[in-house]
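A.B. asks:
Residue numbers (the UniProt record's numbering), protein chains in the order written: chain C, 1 to 271; chain S, 1 to 414.
(1) How far does the alpha helix (DSSP H) with residue 3 of chain S in it reach, from first residue to last?
(2) From residue 216 of chain S to residue 166 of chain S, what does the alpha carbon distance come to, in whole angstroms?
(3) Taking CB distances under 8 Å as the criterion, tell me whether residue 184 of chain S reaches chain C.
(4) Is residue 100 of chain C helix, strand or coil when you go by DSSP?
(5) Against chain C, with Cβ distances strictly below 8 Å, would residue 330 of chain S count as a contact?
(6) Which same chain residues, not among the five before or five after residue 86 of chain S, have their C-beta less than 8 Å away from its C-beta?
(7) According to DSSP, simplified to helix, strand and coil, what is residue 262 of chain S?
(8) If you count every other CB in all the chains shown that lies within 10 Å of the CB of residue 134 of chain S, and 16 or more means buried, which is it?
(9) Does the beta-carbon distance from residue 379 of chain S to residue 267 of chain S come in below 8 Å?
(10) Got a sec? Which residues, its chain only, sit under 8 Å from residue 268 of chain C by beta carbon, not counting five neighbours each side?
(11) Residue 104 of chain S: which of S:200, S:359, S:5 and S:33 sits nearest, CA to CA?
(12) Which residues bound the beta strand (DSSP E) around residue 249 of chain S?
(13) Check whether the Cβ atoms of residue 93 of chain S and residue 62 of chain S sit closer than 8 Å, and answer yes or no.
(14) Could you say which of S:89, S:142 and S:336 lies nearest to residue 309 of chain S if we only look at CA atoms?
(15) Look at the alpha carbon of residue 33 of chain S and the alpha carbon of residue 276 of chain S, and state the distance between them as a whole number of angstroms.
(16) Taking just the CA atoms, how far does residue 185 of chain C sit from residue 340 of chain C?
(17) Tell me the DSSP secondary structure of residue 65 of chain C in three-state form.
(18) When you compare each of C:228, C:3, C:196 and C:98 to residue 169 of chain C by their alpha carbons, which one comes out closest?
(19) Candidates C:165, C:182, C:250 and C:153: which alpha carbon is nearest residue 100 of chain C's?
(20) With which residues is residue 265 of chain C paired in a DSSP beta bridge?
(21) Measuring only between beta-carbons, confirm whether residue 268 of chain S sits less than 8 Å from chain C.
(22) I want to check one thing, is the minimum distance from the CB of residue 351 of chain S to the heavy atoms of the ligand MN below 7 Å?
(23) Per DSSP, residue 106 of chain S is paired with what?
(24) Taking only beta carbons into account, state which residues of the region 208-235 of chain S come closer than 7 Å to chain C, listed in chain order.
(25) Need the endpoints of the beta strand (DSSP E) that residue 208 of chain C sits in, please.
(26) Could you run through the region 156-187 of chain C and flag, in chain order, every residue whose CB is less than 8 Å away from some CB of chain S?
(27) Measure how close the beta-carbons of residue 311 of chain S and residue 370 of chain S come, nearest whole angstrom, since I'm counting them as under 8 Å.
(28) The region 189-212 of chain C: which residues have C-beta closer than 8 Å to a C-beta of chain S, in chain order?
(29) For the region 84-104 of chain S, which residues have a beta carbon sitting closer than 9 Å to at least one beta carbon of chain C?
(30) Here's a check: name, in chain order, each residue in its chain whose Cβ is nearer than 8 Å to the Cβ of residue 107 of chain S, leaving out the five neighbours to either side.
(31) Do we get a CB-CB distance below 8 Å when we pair residue 113 of chain C with the residues of chain S?
(32) Using a Cβ-Cβ distance under 8 Å, would residue 171 of chain S count as near chain C?
(33) Cβ closer than 9 Å: which chain S residues qualify as neighbours of residue 8 of chain C?
(34) Can you list, in chain order, the residues of its chain with a C-beta nearer than 7 Å to that of residue 162 of chain S? Leave out the 5 residues immediately preceding and following it.
(35) Cα-Cα, which of S:102, S:109 and S:118 is closest to residue 107 of chain C?
(36) Can you say whether residue 234 of chain C is buried or exposed, counting buried as having 16 or more other CB atoms within 10 angstroms of its CB?
What follows is the structure, encoded as structure tokens:
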């Protein structure tokens, strides 16, 4: 029979991946639960995943594209902002969802043992459906504006991995902190809003002065957004904007894994 | 089979408890406090999981608990509220980490501290079976295989595809139970979940539990306030009091220590620092055999940092000064029968003859002294017990009853 030992742990530990694998079914059902619960008993149901980003795009197009006349690199502003909002909505959505995941499921944490990492992970995966649906909308917009994506589209998986890694990394850190410090919940709302303006969602990266471009690109979302814009509009990939963010994203991810694991042991006591 | 499947060694767990906030006397002070609040809050919240300093806000929920469980054993865990039962279960089920100590377990563990953990009101019964099952550690395949059986057992077949929020609370409990009842771990840990749900269903669950431990050799740890359920299910039990381990043994023996609301038969305390010479760690009285017997046994555990002889002074007084008569002092004052202590824990037993005590409630105090030299520890009124009127079949007792006495004979067998 399998022998297990329980004793106080100390310091930094690596995530127990075999254990995580054993609980993959739980991850699956929690993800499904997240999706089903989000749109349960609503008339439009999953349609909200289309309406939300579309309306934000419309508002941005009217305010920033129309009234403020923000430069959109010579493409239709609607498409310009939707291409950015597509990954951005995923990022901001997963951030608040995963940051809340542990607090919202405190009842589970204090009553049963399972790898806690499953909770922020499920939050991030369940948002993928919305992401996929808004991709369909993107395709429709591309057809409408008669834009043909370039061969650079083959790099999309790289950017998506960067996006998910970065979301999960920050999600793990925030969720672990939010268990102990409920301030996270209140701060997050407006931080996400601030971050929106720290990424090239409503404006173009070309608006940022050259000497600050590098620091700007340390924001992992800058590379993701500009990369996606470039590949759908068949421009050359802005690698100089992508790699600094990719490194920051990877660092966040690894740090998140360790930080989460370190904090894990007090979750049940302070949740 | 008599292999040890769970081995718990010196398990301790401490928590932070809230302390009363300092109140400001002046408006200015209040203003400063308000401004300083975020810093104070940060310090307090940060220290929730840390224990560098031993301050007043530290509470030991469990202290130095050690015991072993054999394979196939069904062990009841009893104790009053706050005795540390749930903390023990939470550590055993890996929900929380111990502060110190070690547990060795062999086999898959499933803990049932709540019925229907992870149920989501918007999901259907069927979906929640999968949800709850996977949280409890089952795989999807396992649940697929048992799905029919689980639904059958729950008795809610008709509503299995209805969102759980439309269920009555009873139906929800049934569904949660039947998932849990189909777990197949080697070690099953159950917290007072049986107190919910209707009687008939409870019986079915108890039956199912008894069955699996009997025929499949499963080890079960069962916490309950329902003494009849413990008696029925668990041949052996463990009793905790105030975070201390008191006794493990035959349930009928252990249950004698567990008393109802009125009398406090157990005294125990957790010693938080080492600055003492001799201290009473724990004491309890046990109604030794049948109620025919007029002796009660007092068990005392002393912790000592010295090798020393001390006198034990036990005082008995009535809790109600009006009615029953009978109080006195007894103990081991003579040089020869003083208690010889070794460093560490010392256990003693005393038989107290209650034949001469009047009917009523008594309070017992324990003093540890070096007579006329030094006083070490006192536990004032730490245990109470009640002398009941003997039934008519105990004629010899009846004769000596109801008179009271001012001298009590004790025999000590140290």
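Note that the Cβ used here is the ideal one computed from N, Cα and C, for glycine as well.
C.D. replies: The relevant details are as follows:
(1) That residue, residue 3 of chain S, is in no alpha helix (DSSP H); it is neither H nor E in DSSP.
(2) Their backbone Cα atoms lie some 36 Å apart in a straight line.
(3) no
(4) helix
(5) no
(6) Once the five neighbours on either side are set aside, the close Cβ partners of residue 86 of chain S are 113, 191 and 223.
(7) With a pLDDT of 40 at residue 262 of chain S, under the threshold of 50, the modelled position of this residue cannot be trusted; read the value that follows with caution. Judged by DSSP in its simplified three-state form, residue 262 of chain S adopts coil rather than helix or strand.
(8) buried
(9) yes
(10) 109 and 110
(11) S:5
(12) 244-250
(13) In this structure, residue 62 of chain S does not lie closer than 8 Å to residue 93 of chain S by Cβ.
(14) Checking every option, the nearest Cα to that of residue 309 of chain S belongs to S:336.
(15) 38 Å
(16) With chain C represented from 1 up to 271, any question about residue 340 of chain C goes unanswered, as that position is not in the structure.
(17) Secondary structure at residue 65 of chain C: helix, using DSSP grouped into helix, strand and coil.
(18) C:98
(19) Looking only at C:165, C:182, C:250 and C:153, the smallest Cα-Cα distance to residue 100 of chain C is reached by C:182.
(20) According to DSSP, residue 265 of chain C bridges with nothing at all.
(21) no
(22) What this structure holds is no ligand at all, so the ligand MN is not there to describe.
(23) C:3
(24) none
(25) Looking at the DSSP string, residue 208 of chain C is not in any beta strand (DSSP E), and its letter there is neither H nor E.
(26) 180 and 181
(27) 7 Å
(28) none
(29) 90, 91, 92, 93, 94, 95, 96, 97, 98, 99, 100, 101, 102, 103 and 104
(30) 5, 185, 186, 187 and 219
(31) yes
(32) Nearest CB-CB separation between residue 171 of chain S and chain C: not below the 8 Å threshold.
(33) 97, 98, 99, 100, 101 and 102
(34) 124 and 125
(35) S:118
(36) exposed
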